[in-house]
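Q:
There are 2 protein chains.
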Amino acid sequence: MSTTRRRRPTLDDVAEAVGVSRATVSNAYNRPDQLSAHLREDVLRAAKQLGYTGPNPTARSLATSRTGAIAFMLDASLSAAFSDPALSVTLDALATAVDPDGHALLLLPGGDDGGPRADRVLAAQADVAVAYSLADGASALTAVRDRGLPLVVIDQPLVPGAARVGCDDRGGAAAAARHLLDLGHRRFGIFSAQCLSAPRGGELSARNAADSRYNDTRERLTGYLDTLAEAGISPGDVPIWEASGMSVQGAMPSAFGLLERDPRPTALLCMSDQLALAAIAVARQLGLDVPGQLSVVGFDDAPPARWSEPPLTTVRQDLVAKGRIAGELALQLLDGRRAPEPTRLPAELVIRATTARA
Amino acid sequence: MSTTRRRRPTLDDVAEAVGVSRATVSNAYNRPDQLSAHLREDVLRAAKQLGYTGPNPTARSLATSRTGAIAFMLDASLSAAFSDPALSVTLDALATAVDPDGHALLLLPGGDDGGPRADRVLAAQADVAVAYSLADGASALTAVRDRGLPLVVIDQPLVPGAARVGCDDRGGAAAAARHLLDLGHRRFGIFSAQCLSAPRGGELSARNAADSRYNDTRERLTGYLDTLAEAGISPGDVPIWEASGMSVQGAMPSAFGLLERDPRPTALLCMSDQLALAAIAVARQLGLDVPGQLSVVGFDDAPPARWSEPPLTTVRQDLVAKGRIAGELALQLLDGRRAPEPTRLPAELVIRATTARA
DNA sequence: CAGAATGACTGAAGCGCTTCAGAATGTCCA
DNA sequence: TGGACATTCTGAAGCGCTTCAGTCATTCTG
Chain R
1 MSTTRRRRPT
11 LDDVAEAVGV
21 SRATVSNAYN
31 RPDQLSAHLR
41 EDVLRAAKQL
51 GYTGPNPTAR
61 SLATSRTGAI
71 AFMLDASLSA
81 AFSDPALSVT
91 LDALATAVDP
101 DGHALLLLPG
111 GDDGGPRADR
121 VLAAQADVAV
131 AYSLADGASA
141 LTAVRDRGLP
151 LVVIDQPLVP
161 GAARVGCDDR
171 GGAAAAARHL
181 LDLGHRRFGI
191 FSAQCLSAPR
201 GGELSARNAA
211 DSRYNDTRER
221 LTGYLDTLAE
231 AGISPGDVPI
241 WEASGMSVQG
251 AMPSAFGLLE
261 RDPRPTALLC
271 MSDQLALAAI
281 AVARQLGLDV
291 PGQLSVVGFD
301 DAPPARWSEP
311 PLTTVRQDLV
321 AKGRIAGELA
331 LQLLDGRRAP
341 EPTRLPAELV
351 IRATTARA
Chain W
1001 MSTTRRRRPT
1011 LDDVAEAVGV
1021 SRATVSNAYN
1031 RPDQLSAHLR
1041 EDVLRAAKQL
1051 GYTGPNPTAR
1061 SLATSRTGAI
1071 AFMLDASLSA
1081 AFSDPALSVT
1091 LDALATAVDP
1101 DGHALLLLPG
1111 GDDGGPRADR
1121 VLAAQADVAV
1131 AYSLADGASA
1141 LTAVRDRGLP
1151 LVVIDQPLVP
1161 GAARVGCDDR
1171 GGAAAAARHL
1181 LDLGHRRFGI
1191 FSAQCLSAPR
1201 GGELSARNAA
1211 DSRYNDTRER
1221 LTGYLDTLAE
1231 AGISPGDVPI
1241 WEASGMSVQG
1251 AMPSAFGLLE
1261 RDPRPTALLC
1271 MSDQLALAAI
1281 AVARQLGLDV
1291 PGQLSVVGFD
1301 DAPPARWSEP
1311 PLTTVRQDLV
1321 AKGRIAGELA
1331 LQLLDGRRAP
1341 EPTRLPAELV
1351 IRATTARA
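As you go down the protein sequences, you meet chains R and W in turn.
In this text, residue positions in the first sequence follow the working numbering: the first is 1, and each later residue adds one.
In this text, residue positions in the second sequence follow the working numbering: the first is 1001, and each later residue adds one.
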């Protein structure tokens, strides 16, 4: 129709074509009750004919100061983050919760300091930020505050003004430890999530582990060690190994280290299901029977826990609820409401087939 | 300092505070060479003092007509999509490729027609769209075209004007089938990815399967069936089952159906590693030895294939390269360059331990 | 039938930034 | 010493849209 590659039509073009004001065209899209149905049809028809696909999202955002996006901040690269199925479940629940309001997710992968780079956060087009288990002191958190963005944190210490959802990491960990104690185990090993130690992977002193910049790691560790201590097992006698990666494959090297210690632990407390599965895979390679010679407990109860071989004893947390609540909190903050009291979801032990008597 | 909750400072506020023009402050952030180092420092100091965190991303986008985001469109919900590890790997490679240019990823999950809803696409703040294995005819694709957004498609039929990267699905599938034929198998089963049939999951006629709206599904199917046909096995004699879900857990019910057929196939051609793992899990439950009584071949060679028990024979495609190339293509299109010729990555059989003589 | 109420549309002021064509000043070399 | 050039900064025109206070008819109401 047109002679050459023209610029995209704007609202003004449509207004001119129909012979109405720009405000009317805007209303045709945003407030149908503000004009007659007849005129609205004319407008929409003209728009279609001109190839106008609706208000430019960026211009609309500027005028409304709403982008319609939620920034989701991760502590690591996408492949690292998504190698944990718990994230997929949580993220999907969050997306589902905010979808009816038309919010999209802007993914901000982590850099080197346990969160996305500050400049990425400052440049992100989002109305609200959700932090998923970032390290304490990650610069992304400062950037969010400086920008004045509402913030929801998941599994992190409470930030002033932010909304929070998390689970009872400490209680869940304690339950796992108690279960193994009840089965008569006395030689334990703890397979820890990453702590941002350097170099990563390998044995950790209890002190280093307690200084982890990740809140959930600290909490779970405390739950394990306190419970063992109550049973007379000194923290110094419990080897703690930091995972070399959070995927099954990535964690296997460090699982080897933990299982080749002498004396070998008879029971492993793992800070995620993936770590537990890695430990089981390594045990198999070493010819160890699970749970005959080694008991293993995971954490999260993500989908793979149920169909692993053998099915994994683990600490269940409601990942769907966690994501959904985070999404609802984000919407509330967007609505201008204040952050409610933090939500702490329960964590309960699910006994399957990877634990047995010592 | 200020008496009340003030509006956020703008570039003008900083300009006024320093006593320079707005353009100068803008230059301080975007073109440091346009002003003296001394003045620039003054500006930045004043900005910090006022709590100005840099140019408002939305306003900047409007002025530059660049959002700095890439829309990543999926055919399904996030949890469904991410239950396939191949996606994580590809997405991460893409993110890594575009990260140096500061691009973020806007995730658009799928709705009901094999892609994101059109209105979500029209409202998305992104400069370029990447379609990851959407169904043919998904309305999201039309929306992208109408908006005039540059498009990169992954594993899909070529769209005019779009850039494309994919793998040799047909050749890879053919290699898998040939391998099993060479091992002497004659009774096959095909475990297919979803085809958007209704109801989903269960046996599919060859004709229905060939009509799948997913390009990679069609290609792989053709690769399997043509190769078997060359060996004298009629397509009509090969049961095709559509997976009830793409995660291991989700696919297990339909795997049951496929493995309980009489006569039972001795070899399974699976359109993804996850489907293969689901089939193996079900075989185990049925007391079938893999590969003793059942040979299984996957597709993708995603990370879990390597450490599954037993390690999975599968068709390897370079997922990292796929993601990286998609990212590079996106950047090229952003740069105004034309879409180059489509890239077809090789797919080669990796023989591990889930296949054996019939 | 005057006045109030309703419905349909418009004018214009922003939203906060980038950018480009100058203006103003200073520097350099012939 | 005077014109050519750099260097540094500014004015103003957008980018495309939303929204609010009106304006102008038309329809109720008592």
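Using N, Cα and C, we set each Cβ at its ideal position, and we do this for glycine too.
By the 10 Å Cβ neighbour count, where 16 or more other Cβ atoms means buried, how is Gln34 (chain R) classified, buried or exposed?
A: By 1-based counting over the first sequence, the position of residue 34 (chain R) is 34. The residue in question, Gln34 (chain R), is exposed, as its Cβ has fewer than 16 Cβ neighbours within 10 Å.
Q: Please report the distance separating the alpha-carbon of Thr1313 (chain W) from that of Ala1356 (chain W).
A: As a working mapping, residue 1313 (chain W) is identified with position 313 in the second sequence. As a working mapping, residue 1356 (chain W) is identified with position 356 in the second sequence. Taking the straight line from one Cα to the other gives about 10 Å.
Q: If you draw a straight line from the alpha carbon of Leu1225 (chain W) to that of Gly19 (chain R), how long is it in whole angstroms?
A: What you label residue 1225 (chain W) is simply residue 225 of the second sequence in a count that begins at 1. What you label residue 19 (chain R) is simply residue 19 of the first sequence in a count that begins at 1. Answer to the nearest angstrom: the Cα atoms are 60 Å apart.
Q: If you measure between the beta carbons of Ala330 (chain R) and Ile70 (chain R), is that distance less than 8 Å?
A: On the first sequence, residue 330 (chain R) is found 330 positions in, with the first residue counted as 1. On the first sequence, residue 70 (chain R) is found 70 positions in, with the first residue counted as 1. Yes; because the gap between Cβ atoms is below 8 Å, this pair is in contact.
Q: How far does the alpha helix (DSSP H) with Leu52 (chain R) in it reach, from first residue to last?
A: Taking the first sequence and counting its residues from 1, one reaches residue 52 (chain R) at position 52. The sequence given here has Tyr at residue 52 (chain R), not Leu. First-last for Tyr52 (chain R): undefined, no H or E at that position.
Q: By the 9 Å beta-carbon criterion, what residues does the region 1128-1158 of chain W contribute toward chain R?
A: Within the region 1128-1158 of chain W, the residues whose Cβ lies closer than 9 Å to some Cβ of chain R are Ala1143, Asp1146, Arg1147, Gly1148, listed in chain order.
Q: Around the C-beta of Ile1240 (chain W), are 16 or more other C-beta atoms found within 10 angstroms, so that it is buried, or is it exposed?
A: Counting from 1 along the second sequence, the entry for residue 1240 (chain W) is found at position 240. Per the 10 Å Cβ criterion, buried.
Q: Pull up the CB-CB distance for Leu349 (chain R) and His179 (chain R), whole angstroms please, since I reckon it's below 8 Å.
A: In the first sequence, the residue the question calls residue 349 (chain R) occupies position 349. In the first sequence, the residue the question calls residue 179 (chain R) occupies position 179. That belief holds up - the Cβ atoms of Leu349 (chain R) and His179 (chain R) are roughly 6 Å apart, short of 8 Å.
Q: Tell me which residue opens and which closes the beta strand (DSSP E) that Ile1280 (chain W) is part of.
A: Here residue 1280 (chain W) refers to the residue found at position 280 when the second sequence is read from its first residue. First-last for Ile1280 (chain W): 1273-1285, but that is the alpha helix (DSSP H), not the beta strand (DSSP E).
Q: Whose CA, out of R:Ser83, R:Arg344, R:Ile154, lies closest to the CA of Gly327 (chain R)?
A: The count along the first sequence starts at 1 and reaches residue 327 (chain R) at position 327. Minimum Cα distance to Gly327 (chain R) is reached at R:Ile154.
Q: So the alpha helix (DSSP H) Arg147 (chain R) belongs to, where does it begin and stop?
A: Indexing the first sequence from 1 puts residue 147 (chain R) at position 147. Where Arg147 (chain R) is concerned, the enclosing alpha helix (DSSP H) stretches over 139-147.
Q: What does DSSP give as the partner residues of Met1073 (chain W) in its beta bridges?
A: On the second sequence, position 73 is the one that residue 1073 (chain W) refers to. For Met1073 (chain W), which the question treats as bridged, DSSP gives the partners W:Leu1108, W:Ala1131.
Q: Got a sec: which bits of the region 301-320 of chain R sit with their beta carbon under 8 Å from any beta carbon on chain W, in order along the chain?
A: Here the close residues are Pro303, Pro304, Arg306, Trp307, Glu309.
Q: Let me see if you follow: with CB-CB separation under 8 Å, is Ala1281 (chain W) close to chain R or not?
A: By 1-based counting over the second sequence, the position of residue 1281 (chain W) is 281. Judged by the 8 Å Cβ criterion, Ala1281 (chain W) is in contact with chain R.
Q: Quick one: list the residues of chain R neighbouring Gln1249 (chain W), beta-carbon separation under 9 Å, in chain order.
A: Numbered from 1 along the second sequence, position 249 holds the residue referred to as residue 1249 (chain W). Neighbours of Gln1249 (chain W) on chain R, chain order: Pro303, Pro304, Arg306, Trp307.
Q: Using a Cβ-Cβ distance cut-off of 8 Å, determine whether Leu122 (chain R) contacts chain W.
A: Sequence index remark: in the first sequence, residue 122 (chain R) carries index 122 (1-based). Yes, contact with chain W.
Q: Assuming Gln1293 (chain W) is part of the alpha helix (DSSP H), what are its boundary residues?
A: Working through the second sequence from its first residue, we reach residue 1293 (chain W) at position 293. Segment: none, Gln1293 (chain W) is in no alpha helix (DSSP H) and carries neither H nor E.
Q: Should Leu1108 (chain W) be flagged as near chain R, meaning a C-beta pair shorter than 8 Å?
A: As a first step, residue 1108 (chain W) is located in the second sequence; it is residue number 108 there, counting from the start. With 8 Å as the cut-off, Leu1108 (chain W) counts as an interface residue toward chain R.
Q: Whose CA, out of W:Asp1301, W:Pro1160, W:Met1271, lies closest to the CA of Glu1368 (chain W)?
A: In this structure chain W extends from 1001 to 1358, so residue 1368 (chain W) is not present and cannot be described.
Q: Any idea which residues DSSP pairs Thr343 (chain R) with across the strands?
A: Numbered from 1 along the first sequence, position 343 holds the residue referred to as residue 343 (chain R). Thr343 (chain R) pairs with R:Val165.
Q: Could you check if Gly148 (chain R) is buried or exposed, using at least 16 other CB atoms within 10 Å of its CB as the buried criterion?
A: As a first step, residue 148 (chain R) must be located in the first sequence, where it is residue number 148. Exposed, by the Cβ-count rule.
Q: How would you list, in chain order, the residues of chain W whose beta-carbon sits under 7 Å from the beta-carbon of Gly54 (chain R)?
A: By 1-based counting over the first sequence, the position of residue 54 (chain R) is 54. Leu1122, listed in chain order.
Q: Below 8 Å CB to CB, which residues in the same chain sit around Ala321 (chain R) once its five sequence neighbours on both sides are set aside?
A: On the first sequence, position 321 is the one that residue 321 (chain R) refers to. Closer than 8 Å at Cβ, skipping near neighbours: Ala93, Leu345.
Q: Using beta carbons (cut-off 8 Å, strictly below), is Thr1354 (chain W) in contact with chain R?
A: One-based indexing of the second sequence puts residue 1354 (chain W) at position 354. It does not; no Cβ of chain R falls within 8 Å.
Q: Indicate whether Met1073 (chain W) and Pro1100 (chain W) have their beta-carbon atoms separated by less than 8 Å.
A: Taking the first residue of the second sequence as position 1, residue 1073 (chain W) is located at position 73. Taking the first residue of the second sequence as position 1, residue 1100 (chain W) is located at position 100. No, Cβ-Cβ distance for Met1073 (chain W) and Pro1100 (chain W) is not below 8 Å.
Q: Under a CB-based cut-off of 8 Å, is Thr1067 (chain W) close to chain R?
A: In the second sequence, residue 1067 (chain W) corresponds to position 67, counting from 1. Answer yes: the Cβ-Cβ gap between Thr1067 (chain W) and chain R drops below 8 Å somewhere.
Q: Against Thr1058 (chain W), what residues of chain R qualify as contacts under a CB-to-CB distance less than 7 Å, listed in chain order?
A: Start at 1 with the first residue of the second sequence, and residue 1058 (chain W) comes out as number 58. Simply Thr58, Ser61, Leu62, Thr67, Gln125.
Q: By the DSSP assignment, the beta strand (DSSP E) with Ile1325 (chain W) in it spans what residues?
A: Position 325 of the second sequence, counted from the first residue, corresponds to residue 1325 (chain W). Not the beta strand (DSSP E): Ile1325 (chain W) falls in the alpha helix (DSSP H), residues 1319-1334.
Q: Is it buried or exposed for Asp13 (chain R), if we count other Cβ within 10 angstroms and need 16 for buried?
A: Within the first sequence, residue 13 (chain R) is the residue found at index 13, counting from 1. Looking at its Cβ environment, which holds 16 or more other Cβ atoms inside 10 Å, Asp13 (chain R) is buried.
Q: Cβ closer than 9 Å: which chain W residues qualify as neighbours of Phe82 (chain R)?
A: As a first step, residue 82 (chain R) must be located in the first sequence, where it is residue number 82. Result: Phe1082, Pro1085, Leu1087, Ser1088, Val1089, Leu1091, Asp1092.
Q: Cβ of Arg1284 (chain W) less than 8 Å from any chain R Cβ?
A: To locate residue 1284 (chain W), count along the second sequence from 1; it is residue 284. Closer than 8 Å to some Cβ of chain R, the Cβ of Arg1284 (chain W) qualifies, so yes.
Q: Going by DSSP, what residues sit across from Ile154 (chain R) in a beta bridge?
A: Within the first sequence, residue 154 (chain R) is the residue found at index 154, counting from 1. R:Tyr132, R:Val165, per the DSSP bridge assignment.
Q: What is the rounded straight-line gap between the Cα of Ala86 (chain R) and the Cα of Asp300 (chain R)?
A: Sequence index remark: in the first sequence, residue 86 (chain R) carries index 86 (1-based). Sequence index remark: in the first sequence, residue 300 (chain R) carries index 300 (1-based). One C-alpha to the other measures close to 7 Å.
Q: Would you check if the region 201-215 of chain R and the region 239-255 of chain R touch, i.e. whether three or more CB-CB distances between them fall below 8 Å?
A: Judged by Cβ distances under 8 Å, the region 239-255 of chain R makes contact with the region 201-215 of chain R, as three or more pairs qualify.
Q: Taking the alpha carbon of Ala63 (chain R) as the point to measure from, which residue in W:Thr1064, W:Thr1058, W:His1038 has its own alpha carbon closest?
A: What you label residue 63 (chain R) is simply residue 63 of the first sequence in a count that begins at 1. Minimum Cα distance to Ala63 (chain R) is reached at W:Thr1058.
Q: When the Cβ atoms of the region 135-151 of chain R are set against those of the region 1108-1124 of chain W, are three or more pairs found closer than 8 Å?
A: No: the two stretches stay apart, fewer than three of their Cβ pairs being nearer than 8 Å.
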